[in-house]
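Participant: Questions regarding the structure given below will be posed in turn.
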Amino acid sequence: MLSRKILVTGADGFIGSHLAEKLVHLGYQVRVFVLYNSFNSWGWLDYVPENIKESIEVFSGDIRDPHGVKVAMEGCDAVMHLAALIAIPYSYHSPDTYVDTNIKGTLNVVQAAKELGLSKVVHTSTSEVYGTARFVPITEEHPLQGQSPYSASKIGADQIAISFHNSFQTPVSIIRPFNTYGPRQSARAVIPTIITQIQAGQREIKLGAIHPTRDFNYVEDTVKGFVSVLESDKSIGEVINIGSNFEVSIGQTAQFIADVMQVEIQIEEDTARLRPEKSEVERLWADNSKAKELLNWEPQYAGIEGFKAGLLQTVDWFANSNNRMLYKAGLYNI
């Protein structure tokens, strides 16, 4: 597929910008779909190396607009669909926008792919669709549980995507990443929240619940998973977990970060950061055997040592003052 053009929606975001950069490095022709705004901002793509900017074709639009989505996809051979609203707390505040963006936006992508005859649609799911684990490690057969408006909207989006494969043979693959972290991640996520508070000189770190566990994945591993799904015909019609097969609590994560940054911290519970009781996902731990079998993919940053290695690279990126100035460490970002 290297001679073909790939559209990446949500390329202005955290994972999307890393993915667009990787695809350029691999030699793909890359068109990126970024959210239109009057500042002419390309999100995180504004901060990638100049040679990457010169190699991408930028389309500004809104994933909720079916006409713009179809125009963006014209002339492309495949689409990697990452555009979505992802912040869980904000989904409590404005659930309607999540339905429009995540469900209707996905419908726009697969409908255009069907009409234009694209050779591949890689749709991005999330481990949040599983809710609190009923068994671990979590396989792709685990029940789906909408424990937040965000997760419910992503369940709906996943079902829209796979329905087009079942109904119209649209070549859809669903990638289901677990908790990705790394450079450029929003401060609404827990790892940047901890890092930026420490870098701001705080030693009493404000967090929500610290007992839930997560399966964290360094962004480099997640991006390699996306590329593997794109390039494998075996992924068509499949839902595939991309995870480390390793769980760690939020409290342990905070301590690992403190160790990497060589500081002593205390954790304070901030009630504003707590999810409603039945909405909290208590445990996530990925079974990644399907990805290994179908894609020959496996994480390079796995286990405690891999996690610490990824944290070190993330901390190093945030240590750069030019990167750190892009964050408002003193504010809770929902």
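The opening position of the sequence shown corresponds to residue 49 in the working numbering, with each subsequent residue numbered one higher. Glycine included, C-beta positions come from ideal geometry on N, C-alpha and C. All values derive from a computational prediction rather than experimental measurement.
Could you give the residue range of the alpha helix (DSSP H) that holds Ala-302?
Facilitator: On the sequence shown, residue 302 is found 254 positions in, with the first residue counted as 1. Its alpha helix (DSSP H) spans residues 298-309.
Participant: Quick check: Tyr-266 and Gly-358, are their CB atoms within less than 8 Å of each other?
Facilitator: In the sequence shown, the residue the question calls residue 266 occupies position 218. In the sequence shown, the residue the question calls residue 358 occupies position 310. Yes, Cβ-Cβ distance for Tyr-266 and Gly-358 is below 8 Å.
Participant: Which residues does DSSP pair with Ala-334 in a beta bridge?
Facilitator: What you label residue 334 is simply residue 286 of the sequence shown in a count that begins at 1. In DSSP, Ala-334 forms a bridge with Ile-186.
Participant: Using DSSP with H/G/I as helix, E/B as strand and the rest coil, what is Val-329?
Facilitator: Residue numbering aside, residue 329 sits at position 281 when the sequence shown is read from its first letter. Val-329 falls in the coil class under three-state DSSP.
Participant: Just how far apart, CA to CA, sit Thr-172 and Ile-239?
Facilitator: As a working note, residue 172 is residue 124 in the sequence shown. As a working note, residue 239 is residue 191 in the sequence shown. Looking at the two C-alpha atoms, the distance is approximately 21 Å.
Participant: Along the beta strand (DSSP E) that carries Glu-271, what are the first and last residues, could you check?
Facilitator: The sequence position of residue 271 within the sequence shown is 223, counting from 1. According to the sequence displayed, residue 271 carries Val and not Glu. Val-271 -> not in any beta strand (DSSP E); alpha helix (DSSP H) instead, spanning 267-279.
Participant: Can you name, in chain order, every residue of its own chain whose Cβ lies under 6 Å from the Cβ of Ser-276, other than the five neighbours on each side?
Facilitator: In the sequence shown, counting from the first residue as 1, residue 276 sits at position 228. These residues qualify, in order along the chain: Leu-343, Trp-345.
Participant: Comparing alpha-carbon positions, which option in Met-121, Ser-211, Ile-288 lies nearest Lys-340?
Facilitator: Position 292 of the sequence shown, counted from the start, is the residue given in the question as residue 340. Ranking Met-121, Ser-211, Ile-288 by Cα distance to Lys-340 puts Ile-288 first.
Participant: Between which residues of its own chain and Glu-176 is the CB-CB distance below 6 Å, once the five residues before and five after are set aside?
Facilitator: Counting from 1 along the sequence shown, the entry for residue 176 is found at position 128. Once the five neighbours on either side are set aside, the close Cβ partners of Glu-176 are Ser-199.
Participant: Just the C-alpha distance for Gln-207 and Phe-87, rounded to the nearest angstrom, thanks.
Facilitator: Along the sequence shown, read from residue 1 onward, the residue named residue 207 stands at position 159. Along the sequence shown, read from residue 1 onward, the residue named residue 87 stands at position 39. Spanning the two alpha carbons is a distance of roughly 34 Å.
Participant: Do you know offhand how far Lys-118's Cα is from Arg-372's?
Facilitator: Here residue 118 is taken as the residue at index 70 of the sequence shown, counted from 1. Here residue 372 is taken as the residue at index 324 of the sequence shown, counted from 1. Rounded to whole angstroms, Lys-118 to Arg-372 spans 36 Å at the Cα level.
Participant: Quick check on Phe-183: buried or exposed, where buried means 16 or more other Cβ atoms within 10 Å of its Cβ?
Facilitator: Walking along the sequence shown from the start, residue 183 turns up at place 135. When all chains shown are included, Phe-183 counts as exposed.
Participant: Candidates Lys-282, Trp-365, Gln-300: which alpha carbon is nearest Gln-247's?
Facilitator: As a first step, residue 247 is located in the sequence shown; it is residue number 199 there, counting from the start. Cα-wise, what sits closest to Gln-247 is Trp-365.
Participant: Find out if the Cβ-Cβ distance for the pair Thr-432, Glu-330 is shorter than 8 Å.
Facilitator: This structure cannot speak to residue 432, because the chain is shown only from 49 to 382.
Participant: Which term fits Asp-269, buried or exposed, when burial requires 16 or more other beta carbons within 10 angstroms of its beta carbon?
Facilitator: Indexing the sequence shown from 1 puts residue 269 at position 221. It counts as buried.
Participant: Grouping DSSP H, G and I as helix and E and B as strand, with all else coil, what is Asn-370?
Facilitator: Working through the sequence shown from its first residue, we reach residue 370 at position 322. Residue state, collapsed to three classes: helix.
Participant: My parser needs the alpha helix (DSSP H) runs of 4 or more residues fully inside the segment 128-178; what are they?
Facilitator: Within the segment 128-178, the complete alpha helix (DSSP H) runs of at least 4 residues are 136-141, 143-146, 153-164.
Participant: Give me, in chain order, the residues of the same chain whose beta-carbon lies closer than 8 Å to that of Ser-292; leave out the 5 immediate sequence neighbours on both sides.
Facilitator: Here residue 292 refers to the residue found at position 244 of the sequence shown. These residues qualify, in order along the chain: Phe-226, Asp-263, Phe-264, Asn-265, Asp-269, Ala-334, Asn-336, Pro-347, Tyr-349, Ala-350, Gly-351, Gly-354, Phe-355.
Participant: I need the boundaries of the alpha helix (DSSP H) containing Ile-208, first residue and last residue.
Facilitator: Position 160 of the sequence shown holds residue 208. Residues 197-216.
Participant: Hey, out of Gly-285, Lys-376, Ile-298, whose CA is closest to Lys-168's CA?
Facilitator: Translated into positions along the sequence shown, residue 168 becomes position 120. Ranking Gly-285, Lys-376, Ile-298 by Cα distance to Lys-168 puts Gly-285 first.
Participant: What three-state label does DSSP hand Leu-85 in the structure shown?
Facilitator: As a first step, residue 85 is located in the sequence shown; it is residue number 37 there, counting from the start. Per the sequence shown, residue 85 should be read as Asn rather than Leu. Residue state, collapsed to three classes: coil.
Participant: Helix or strand or just coil, what does DSSP make of Glu-252?
Facilitator: To locate residue 252, count along the sequence shown from 1; it is residue 204. Strand at Glu-252.
Participant: Using a Cβ-Cβ cut-off of 6 Å (strictly less than) and excluding sequence neighbours within five positions of Ser-196, which residues of its own chain qualify?
Facilitator: As a working note, residue 196 is residue 148 in the sequence shown. Correct list, in chain order: Ile-136, Ser-139, Ser-327.
Participant: Take every Cβ of the segment 99-114, pair it with every Cβ of the segment 71-90, and state whether three or more of those distances are shorter than 8 Å.
Facilitator: Enough Cβ pairs lie closer than 8 Å, so yes.
Participant: Roughly how many whole angstroms lie between the Cα atoms of Thr-149 and Val-311?
Facilitator: To locate residue 149, count along the sequence shown from 1; it is residue 101. To locate residue 311, count along the sequence shown from 1; it is residue 263. If I take the Cα positions, the gap works out to 40 Å.
Participant: Are Met-128 and Val-170 touching if we call contact CB-CB under 8 Å?
Facilitator: Within the sequence shown, the letter at position 80 stands for residue 128. Within the sequence shown, the letter at position 122 stands for residue 170. A contact, by the Cβ cut-off of 8 Å.
Participant: Nearest-angstrom Cα distance between Gly-42 and Glu-317?
Facilitator: Since the displayed the chain opens at 49 and closes at 382, residue 42 lies outside it and no answer follows.
Participant: Buried or exposed: which applies to Arg-79, given that a residue is buried once 16 or more other Cβ atoms fall within 10 Å of its Cβ?
Facilitator: Along the sequence shown, read from residue 1 onward, the residue named residue 79 stands at position 31. Arg-79 is buried by the Cβ-count criterion.
Participant: Let me know if Tyr-84 comes out buried or exposed under the rule of 16 or more other beta-carbons within 10 Å of its beta-carbon.
Facilitator: If you number the sequence shown from 1, residue 84 lands on position 36. That one is exposed.
Participant: Tell me whether the beta-carbon of Ile-151 lies closer than 8 Å to the beta-carbon of Ile-223.
Facilitator: As a first step, residue 151 must be located in the sequence shown, where it is residue number 103. As a first step, residue 223 must be located in the sequence shown, where it is residue number 175. Cβ atoms of Ile-151 and Ile-223: not closer than 8 Å.
Participant: Can you tell me whether Lys-282 is helix, strand or coil according to DSSP?
Facilitator: Counting from 1 along the sequence shown, the entry for residue 282 is found at position 234. Helix.
Participant: Output yes or no for whether 8 Å exceeds the beta carbon distance between Ile-253 and Ala-302.
Facilitator: Working through the sequence shown from its first residue, we reach residue 253 at position 205. Working through the sequence shown from its first residue, we reach residue 302 at position 254. A contact, by the Cβ cut-off of 8 Å.
Participant: What first and last residue would you give for the alpha helix (DSSP H) that runs through Thr-57?
Facilitator: Indexing the sequence shown from 1 puts residue 57 at position 9. Where Thr-57 is concerned, there is no enclosing alpha helix (DSSP H), although the beta strand (DSSP E) it sits in stretches over 53-57.
Participant: So, for Gln-77: in the same chain, excluding its five sequence neighbours on each side, which residues have a beta-carbon less than 6 Å away from its beta-carbon?
Facilitator: In the sequence shown, residue 77 corresponds to position 29, counting from 1. Within the same chain, Gln-77 has close Cβ partners Lys-53.
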